[in-house]
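K.L.:
Quick one: the structure is below, questions incoming.
Shown next, in the form of structure tokens:
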């Protein structure tokens, strides 16, 4: 057929005059009924109109007339892709390549489809073939970088982006892609530089502003991150991830009201965004608006009923603060019944989705004063990992040990583990801290000149799995399991031959893949093995090397906290969710017996919590609720001042002190405690047992009140107890025996599983 006959058609298509092009094309088709070309161009016109079914029919007709034309298959593949027929589209591109194997564009297009279908290894091969044919092909260089990043090979991805930048040095898109892969690879500082360059080249690049914000947030600079998120949202108000990340950051740092406003604004713009409803539920929960929180999470589950994680979350909701023991019993029964309706192993863990939807058991279950073994085991057994790889360990004579720390838990980790890490000298152990870059900066700054090894992992869960597994650890020590989705779900993937945890979160994980729970004879009851699914390993020492806190340079003054010198101060400084409803009566009995007594508490992480607690006190202990005073959160120095100016510390039960037990004993302020059934209520008594000062250890709630009143009201007795504590407390701090026992345990545990 004479090509000139189609020239008007091609010109009209280029000009966007599709009706004119169609009329001309149909005329040519009638006059040349055996030619595939006009039929093919009718397909092109239909595709440009978005009429993909018609386009596909025209392309098939053209192929029947001439099955050896590569461009027919290429255009057919594009139309099939646009219509959602991905597998057929892949087949069409493969046929085009079979006819014209030296076409780099066809290889790149095929690779794009394979990547979208999750067939990453095949996509990589196709991109490489495109680059073999055209080494400086920018699209293929960019796209293979994306695939290599998703395959967990960031260094190779970066190399391709650097080649692409050598060709297109002013490409904001490539700098943005480079920033994304650096961020995914746990290198947020370098990622920030890439995003910044993308913004310099294109100031209105919303995605780059969002990426820069995420990189900054990963380095622990929330104020700067907020500015960049807001700029990304200004440029694109419906940017879902920017809105979700901003709200999530607000929530992480305790600003639940602002988080809620962002979630609600996003829901108005995009009511079908499941993550917005889920986030709204979390913000409402932090505000103690539990009924609304349940409604929001149920709405999220209704939008995605096939999402087992979301449905589970809607069934096992548990408030932070409970009104009474009846509510505790009811909530636990509801959770237990919901778990009982499900089949063990029914929820497949998808690493790509865990941080988005992962639902760990409620953090607040541990504060109910119950044995959590059954409920946590039943919960953990819902999840399964298919094709679980057996970890090989290092295979070296020196055993590789990894301490896993997740974001926002660096402070408590350092309190108990800094001295352990600094003082592990056994030549048979190589000790590493496994964490994201932001955590590494916090920990390394606090550790000073320590030559600690750090294994920096990605913030993306699926990448972190690959990176930790590649480290070939012999033993992983999870300081906490269950305080966030990251540290709860990592152990399910069995990343080392030995996995253990300890009292960072002092309750059984319930996870069968965790082998040991490391504790101490000083804090466990005789029947403690009935509280753990893990094998309980009790040291003789407390499993911590705690540096003695330095007394504040300026002593505490009651005027700093608006407390009168004539009042007896009973400081109960624990997180408000530790205050069990039954403990309200204990506070009431102390205050009723001491007319000048004041219980001082510290406001919660979320501003609404202390207001909810005040309302509960007004309901449960109305006659003395006015003498429970809340003071704002404060610096550590101010907190130590508050301890020193208090007459007595109250260790609540059934969940008692941890960090603050060490701090109060260091200051010499007597802490009254009642050891509970579970380790989480026995840490203070364990500390007292260690220093052999038991004056403030009660055996019943009644004795607890009596001791608190005696210490609070009798200055002479208080000074006697304080002197005893100060004279004996040295043995509680910087305890080398804990380090040596842990070293010995690590070696025994690894040797027990080695062939």
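Numbering (this note's numbering), first residue to last: 181 to 935.
Idealized CB from N, CA, C, for every residue including glycine.
Computed from a predicted model, the values in this text were never measured in an experiment.
For the beta strand (DSSP E) containing residue 739, name the first residue and the last one.
P.N.:
Note, residue 739: premise wrong, no beta strand (DSSP E); not H, not E.
K.L.:
From this set, 267, 254 and 297, which residue's C-alpha is nearest residue 284's C-alpha?
P.N.:
It is 254 whose Cα lies nearest to the Cα of residue 284.
K.L.:
Residue 409 and residue 426 look like a contact to me (Cβ under 8 Å); what is the Cβ gap, rounded to whole Å?
P.N.:
Contact holds; Cβ gap of about 4 Å.
K.L.:
Taking DSSP as the reference, what is the three-state secondary structure of residue 937?
P.N.:
In the structure displayed, the chain extends from 181 to 935; residue 937 sits before or after that span and is not available.
K.L.:
Using beta-carbon positions only, say whether residue 603 and residue 582 come within less than 8 Å of one another.
P.N.:
Their beta carbons are not under 8 Å apart, which means residue 603 does not touch residue 582 by this criterion.
K.L.:
Compute the Euclidean distance between the alpha carbons of residue 525 and residue 812, then round it to the nearest angstrom.
P.N.:
Looking at the two C-alpha atoms, the distance is approximately 45 Å.
K.L.:
Under 8 Å, do residue 303 and residue 295 count as touching if we go by C-beta distance?
P.N.:
It is a contact, given that the beta carbons lie within the stated cut-off.
K.L.:
So residue 774 and residue 893 are in contact, right, with Cβ under 8 Å, and what is the actual spacing, rounded?
P.N.:
Yes, residue 774 and residue 893 are in contact; Cβ-Cβ is about 6 Å, under 8 Å.
K.L.:
Would you list the residues sitting across from residue 717 in a DSSP beta bridge?
P.N.:
Its beta-bridge partners are 698.
K.L.:
What separation, rounded to the nearest whole angstrom, lies between the Cα atoms of residue 309 and residue 287?
P.N.:
About 7 Å.
K.L.:
Can you pull the DSSP bridge partners for residue 288?
P.N.:
DSSP lists no partner for residue 288.
K.L.:
Taking the beta carbon of residue 228 as the centre, do at least 16 other beta carbons fall within 10 Å, making it buried, or is it exposed?
P.N.:
Classification of residue 228: exposed, given that the 10 Å Cβ count is below 16.
K.L.:
Is it right to say residue 657 is buried, meaning 16 or more other beta carbons lie within 10 angstroms of its own, or is it exposed?
P.N.:
Residue 657 is buried by the Cβ-count criterion.
K.L.:
At the level of alpha carbons, what is the spacing between residue 567 and residue 751?
P.N.:
Rounded to whole angstroms, residue 567 to residue 751 spans 52 Å at the Cα level.
K.L.:
Specify the secondary structure class of residue 415 as computed by DSSP and reduced to three states.
P.N.:
The answer is helix: DSSP assigns residue 415 an H, G or I state.
K.L.:
Can you tell me whether DSSP reads residue 579 as helix, strand or coil?
P.N.:
Looking at residue 579 - three-state DSSP - the assignment turns out to be strand.
K.L.:
Look up residue 274 in the DSSP assignment and say whether it is helix, strand or coil.
P.N.:
Helix.
K.L.:
Locate the beta strand (DSSP E) running through residue 748, then write down its first and last residues.
P.N.:
Start and end: 748 to 751.
K.L.:
Where do the N-terminal and C-terminal ends of the beta strand (DSSP E) with residue 781 fall, by residue?
P.N.:
Taken as a continuous stretch (DSSP letters only), the beta strand (DSSP E) holding residue 781 covers 777 to 782.
K.L.:
What are the boundary residues of the beta strand (DSSP E) that includes residue 678?
P.N.:
Taken as a continuous stretch (DSSP letters only), the beta strand (DSSP E) holding residue 678 covers 678 to 681.
K.L.:
Alpha carbon to alpha carbon, how far is residue 641 from residue 344? Give it in angstroms, no decimals.
P.N.:
Looking at the two C-alpha atoms, the distance is approximately 28 Å.
K.L.:
Say whether the stretch 854 to 869 touches the stretch 734 to 743, bearing in mind that this needs 3 or more beta-carbon pairs closer than 8 Å, one atom from each stretch.
P.N.:
Segments in contact, no.
K.L.:
Could you check whether residue 676 and residue 653 sit closer than 8 Å to each other, using their CB atoms as the reference points?
P.N.:
A contact, by the Cβ cut-off of 8 Å.
K.L.:
In three-state terms, what does DSSP make of residue 385?
P.N.:
DSSP places residue 385 in coil when its eight states are reduced to three.
K.L.:
Using alpha carbons as the reference points, say which of 515, 327 and 703 lies closest to residue 877.
P.N.:
Measuring from the Cα of residue 877, the nearest candidate turns out to be 703.
K.L.:
What residue range is occupied by the uninterrupted beta strand (DSSP E) comprising residue 657?
P.N.:
Its beta strand (DSSP E) spans residues 655 to 658.
K.L.:
Which ranges does the beta strand (DSSP E) cover as unbroken runs of at least 3 residues, wholly within the stretch 621 to 676, from first to last along the chain?
P.N.:
With a minimum length of 3 residues, the continuous beta strand (DSSP E) runs that stay inside the stretch 621 to 676 are 633 to 636 and 655 to 658.
K.L.:
Please list the terminal residues of the continuous beta strand (DSSP E) segment that includes residue 810.
P.N.:
Its beta strand (DSSP E) spans residues 808 to 811.
K.L.:
Using the Cβ count rule (16 or more neighbours within 10 Å means buried), how would you classify residue 605?
P.N.:
Flag for residue 605 reads exposed.
K.L.:
Going by DSSP, what residue range makes up the beta strand (DSSP E) through residue 704?
P.N.:
No beta strand (DSSP E) contains residue 704, which DSSP labels as neither H nor E.
K.L.:
What's the call for residue 354, buried or exposed, on a 16-neighbour Cβ count within 10 Å?
P.N.:
Residue 354 should be labelled buried.
K.L.:
If you reduce the DSSP assignment to three classes, tell me which class residue 426 lands in.
P.N.:
Three-state result, residue 426: helix.
K.L.:
On the DSSP letters alone, give me the boundaries of the beta strand (DSSP E) that residue 609 sits inside.
P.N.:
Start and end: 609 to 615.
K.L.:
Could you check what DSSP says for residue 592 in three-state terms: helix, strand or coil?
P.N.:
The answer is helix: DSSP assigns residue 592 an H, G or I state.
K.L.:
On a Cα-Cα basis, can you pick out the residue from 210, 422 and 810 that is closest to residue 792?
P.N.:
The residue with the shortest Cα to Cα distance from residue 792 is 810.
K.L.:
For residue 770, name the three-state secondary structure that DSSP assigns.
P.N.:
The answer is helix: DSSP assigns residue 770 an H, G or I state.
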